Structures are given as structure tokens and as C-alpha cells.
Amino acid sequence: MPADTFRELKMQKSDFCRILITLALAAAILSACQSGGHGPGVPPVIRQNDGDGDGRLNQSEFPGPPQAFQRLDTNGDGYLSAGEFHAARDARDASRPPPPAAKARGGPLRYTDVHMYLHPLGLDVTMGGAARPHGPIDIYDNLSKAADILIARMDRRRIKTALIVVVPSFRGEPERSYQQMHDIVADHRGRLALMAGGAILGRMMRATKPGAVTGAVKREFQKAARELLAAGAAGFGEMMAYHLCMNPKHSFQQVVPDHPLYLSLADIAAENDVPIDIHMEAIERAAPVSPRLARVCKQNPDRLAPNIAAFERLLRHNAKARIVWQHIGWDNTGQMTPELLGRLLAAHANLYLALRVPARVAGIDGRPIPNRLVDAEYKLKADWLRLFQAFPDRFVIGSDEFVGPSGEKPRIAASFDTSWALLDQLPEALAEKIGGENARRIYRLD
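Using numbering that gives the first Met the number 0, the letters of the sequence shown map in sequence onto residues 0 to 445.
Set out below in C-alpha cells:
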């Protein structure tokens with residue numbers, strides 16, 4: 000082939016490749032513009048409710064009330080795009096005071112956070128639409144990075160110990176999840192301790208109806224519980240009693256608090272002088288599930304089943320079993336009132352409460368979170384302060400935040416900084432008790 004002809008063909012091939020690349024890029028951009036995409040940056044509300052896959056929500060797909068749809072639809076085209084959701088979020092955030100940063104506290108490392116998670120990716124990735132890393136994931140390495148990041152944050156707050164919880168999820172392999180977290184915590188001994196049983200024991204409890212607990216089932220359960228303690232667990236948790244589902248990737252979980260296996264677990268906890276951490280929505284009276292919760296997750300029941308009487312039976316079953324009710328201040332039923340909790344604390348000396356202050360002000364239904372510990376400006380409410388002062392030895396901090404390997408503060412379920420900023424609004428002696436002294440006694444950390 001003549002050289003000139005070869006060069007001409009080569010140039011034509013090069014031009015052809017450039018044209019293909021240009022067309023591919025244009026198609027990708029056009030597709031993103033038309034559909035809104037379902038990748039990073041797309042709000043979870045679109046990804047979870049976009050039935051026709053066009054990357055936006057029409058009024059029938061939108062899980063909120065019609066007036067909210069009209070308010071969000073700023074261009075009046077009858078659809079809600081990712082941009083409109085982001086604009087509404089930015090306007091909302093700009094109108095609110097920023098969450099307070101906890102003041103730098105001096106002195107030695109002495110505080111304890113009794114409820115934290117390590118996550119190999121972070122909730123912003125798994126549930127919030129943030130970009131996933133390319134290629135295979137080294138779960139152990141990512142969890143180790145997350146642990147180091149958490150400890151650095153603990154140092155700034157003078158937190159000596161954080162109790163790490165194994166996620167009690169339906170997904171994955173419970174034994175593997177437990178072992179991975181066990182090994183990471185062991186590598187950071189002295190700063191991290193493990194609460195175990197939510198994944199392994201919780202699955203056994205859900206699989207067995209209260210009336211179906213035989214002697215063999217109870218022995219198997221007790222054996223598994225004792226093995227967790229023998230492997231170094233500081234207590235049992237997070238044990239689910241009533242867990243509402245907040246999105247399609249979440250789960251509804253319910254085990255009545257007076258389930259025979261719960262009572263057996265209380266006996267083992269008392270025998271071994273360790274606490275039980277329990278996740279439970281406060282339901283003193285039956286009520287319909289909120290329309291928003293019913294829409295966002297089909298697993299949720301139609302009605303909330305009362306559980307306080309059964310919870311009191313668990314508390315009475317073995318007075319030596321210390322029960323720590325987690326997530327006080329994050330109320331999804333409107334029934335977790337200071338009055339209810341004050342009555343329970345007065346009646347049951349073995350009940351303790353772990354406080355959480357979500358950074359977000361609104362709940363799943365878009366309304367202010369009921370019975371929040373702080374107001375919209377993050378100032379501690381007077382009725383909660385009175386409760387803390389009435390029972391100063393019964394409260395601890397359990398931030399309930401997921402720490403991932405990126406080092407970035409999460410947008411989803413952020414609560415570490417706001418929970419620890421609560422101490423700045425307490426009298427110093429009470430802050431020392433709630434920040435560390437109580438937890439060291441309840442969890443036997445000294």
C-alpha cells in the first residue's frame with residue numbers, strides 16, 4: 000500500500016474514532032439530562048419512588064402530600080427533578096442554624112460513646128447515592144480505616160471508648176459480619192469494645208415465635224449467647240424489639256420484649272454482669288402507622304402494636320439485668336415522651352437510657368421530630384433537662400452514627416457531633432456523669 004494512502008486511511012480512522020467518542024459523550028450527556036440519572040447525587044426519594052424510571056417524580060410517585068409537591072415543583076412542569084430537590088434542601092439548610100460543634104473539652108480521655116457503627120463504605124454510598132468506589136472492596140481494610148477515623152474523632156471529644164455495634168440486618172451473613180467487626184475491634188483494643196448478638200441472636204429470636212420456644216431452642220440460644228461473651232463482647236446489642244423500616248433498603252423487625260428468648264437473654268446478662276442494648280420504638284397505645292412510613296417501605300405494618308407493657312415484663316423478669324434503651328431523642332411514633340420515660344425510670348432501677356441527637360430536624364414525614372431532646376436551634380429542652388437531673392445516674396450518650404472509610408462527615412443519619420454537643424448545655428457534674436461515668440459503671444469498662 001502506498002505511504003500516502005496509508006496515512007490517509009490512518010487519519011480517516013482517527014477522525015472516525017473521535018466522532019464515535021464525541022457521539023458517545025453526547026448520548027451520555029443527553030441521557031443524563033433527559034432522565035435525571037440514577038447515579039451519584041440523585042436524592043434517595045427519587046431512587047426509591049421513581050416507578051417509571053425517568054429519573055424524576057410525578058405527583059402519583061411523590062410520597063408526600065400534594066401541597067408539598069406543588070411547593071417543590073418550582074418550574075411548574077408537573078415533575079420533581081433532582082435539581083428541585085437539591086434546591087429545596089439547600090434553601091432549607093440555609094434557613095436553619097447550623098448544628099453546634101461540640102466545644103473542645105480538656106482533661107484526659109474519659110468519655111464513652113455506647114453506640115457507634117463502622118461501615119466499609121458509609122451510608123451515604125449504600126443509601127444516599129454517593130459514588131461507589133471502582134473495583135473490588137477490601138472490607139477489612141475499609142473497616143480498619145473507618146476505625147482509625149472514628150478514634151481520631153473520639154480524641155477531639157476526649158472520648159476514651161466507643162462501643163461498636165454489629166448491624167442486625169437481614170442481609171448478608173450474620174456470622175461473617177460479626178467476625179469482621181470482632182477482629183477490627185480486637186485490633187483497636189483499649190479504644191473500641193464490641194456489643195454483639197444483634198445479628199446472630201436477633202436472627203434466632205425472629206425465627207422462633209414465642210409459643211414455639213422449646214428446651215432445645217433455648218439451649219441453642221443460650222450457648223450462642225455465652226460464646227459471644229467468651230469471645231470478648233462487652234454486652235448484648237443491638238437487640239431489636241421494634242424497628243421501623245425507613246426506606247426500601249431498610250427492614251422492619253419486631254420481637255416482643257417479653258419473648259422467652261429475651262427473658263433468657265436477661266438471665267444470661269445478669270449472670271455475667273453485662274448489659275443488653277435494645278432498639279425499640281415507644282408504643283404505649285395502638286395507632287396507625289404514619290402515611291409516609293407506609294409509603295416509603297411496604298414492610299411496615301398498618302398499625303403500631305403496643306410494647307411498653309411487654310417491655311416492663313422484661314425489666315421485671317430479672318432486676319439484675321441492666322437494660323439500655325437506645326436512641327432516646329429519635330422518636331418515630333410520637334410516644335417517646337419524657338413523662339413516659341420518667342415513669343419507667345422510677346419503676347425500674349435496671350433501666351438506662353442512651354441519648355441521641357440527630358443532626359436533622361425533620362423526621363421521615365417531613366415534620367419536626369417529636370420529643371427531640373433539643374429544639375430547632377439545638378437548645379436542650381427544659382423537660383428533658385429536668386428528667387436528666389431527676390435521674391442523673393441513668394443516662395449515657397449513644398450517638399448511633401455510621402463511620403465510613405472516606406473521612407467525610409456523613410449527610411445521612413449524622414448524629415455524633417450533635418449528640419456530644421449536648422454535654423455543653425449540662426451542668427459540669429451532670430455532663431461528666433452522662434458523658435462517661437455512667438457508661439463506665441453500666442458497661443463495666445473500668
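Note that the Cβ used here is the ideal one computed from N, Cα and C, for glycine as well.
This one's a predicted model, so the numbers in the text were calculated from it and none came from an experiment.
Contact between Ile199 and Ala223 is confirmed by a C-beta separation of about 6 Å, below the 8 Å threshold. In the three-state DSSP reduction, Lys432 falls in the helix class (H, G or I).
Taking Glu60 as the centre and dropping the five residues before and after it, the same chain places the C-beta of Asn48, Asp49, Gly50 closer than 7 Å to its C-beta, in chain order. Closest in alpha carbon position to Ile282, among Gly234, Ile363, Val255, is Val255. Taking a cut-off of 8 Å for Cβ pairs, the segment 427 to 437 and the segment 144 to 154 do not touch, as fewer than three such pairs fall below it. DSSP assignment within the segment 236 to 280 yields the following whole alpha helix (DSSP H) runs of 4 residues or more, N-terminal first: 259 to 271.
Closest in alpha carbon position to Gly196, among Arg439, Glu338, Leu122, Val273, is Val273. Between Ser418 and Gly121 a beta carbon distance of about 18 Å is seen, past the 8 Å cut, so the two are scored as non-contacting. Of Ala103, Ala308, His258, Leu344, the smallest CA-CA separation from Gln388 is found for Leu344. Residue burial is scored here from C-beta neighbours: Ala353 has at least 16 other C-beta atoms within 10 angstroms and is therefore classed as buried.
Between the segment 257 to 277 and the segment 313 to 329, the count of C-beta pairs closer than 8 Å reaches three or more; the two stretches touch. Distance from the CA atom of Phe394 to the CA atom of Val166, rounded to whole angstroms, is 23 Å. Contact annotation: Pro62 and Arg302 have beta-carbon atoms that are not nearer than 9 Å. Non-local C-beta neighbours of Ala87 in its own chain, meaning closer than 7 Å and more than five positions away in sequence, comprise Leu71, ordered along the chain. Around the beta carbon of Arg355, 16 or more other beta carbons sit within 10 angstroms, so the residue counts as buried. Collapsing the DSSP output to three states places Thr125 in a helix. With fewer than three CB-CB distances shorter than 8 Å, the segment 210 to 222 does not count as touching the segment 185 to 195. In this structure, Gln325 lies near His278, with their beta-carbon atoms less than 9 Å apart. For Tyr241, the number of other beta carbons within 10 angstroms of its own is at least 16, and it is reported as buried.
In this structure, the straight-line span from the alpha carbon of His118 to that of Tyr177 is close to 12 Å. About 22 Å separates the Cβ atoms of Leu260 and Met180, ruling out a contact at the 8 Å cut-off. Taking C-alpha positions only, Ser80 is separated from Ile148 by approximately 35 Å. Ranked by Cα distance from Ala285, the options Pro409, Arg131, Ala304 are led by Ala304. Non-local C-beta neighbours of Asn370 in its own chain, meaning closer than 6 Å and more than five positions away in sequence, comprise Asp330, Met335, Thr336, ordered along the chain. DSSP places Met180 in the helix class (H, G or I) of the three-state scheme.
DSSP places Asp112 within a strand segment (E or B) once states are collapsed to three. In this model, Tyr78 and Asn141 are separated by some 39 Å (Cα to Cα). Residue environment: Glu400 is assigned as buried (16 or more neighbouring CB atoms within 10 Å of its CB, all protein chains considered). The Cβ atoms of Ile396 and Leu379 do not sit closer than 9 Å to each other. DSSP places Tyr351 in the uninterrupted beta strand (DSSP E) bounded by 350 to 354. Take the alpha-carbon of Glu280 and the one of Leu372: they are about 16 Å apart. The C-alpha of Asn299 lies about 13 Å from the C-alpha of Thr332. For Gln69 and Met126, the gap between their C-alpha atoms comes out near 26 Å. With a cutoff of 9 Å on beta-carbon distance, Ala381 and Pro99 are scored as not near each other. Here Lys159 is buried, its C-beta having at least 16 other C-beta atoms within 10 Å. Close CB contacts of Gly236 within its chain, under the 7 Å cut and outside five residues either way in sequence, are with Val164, Met194, Gly196, Gly197, Ile275, Asp276 (chain order).
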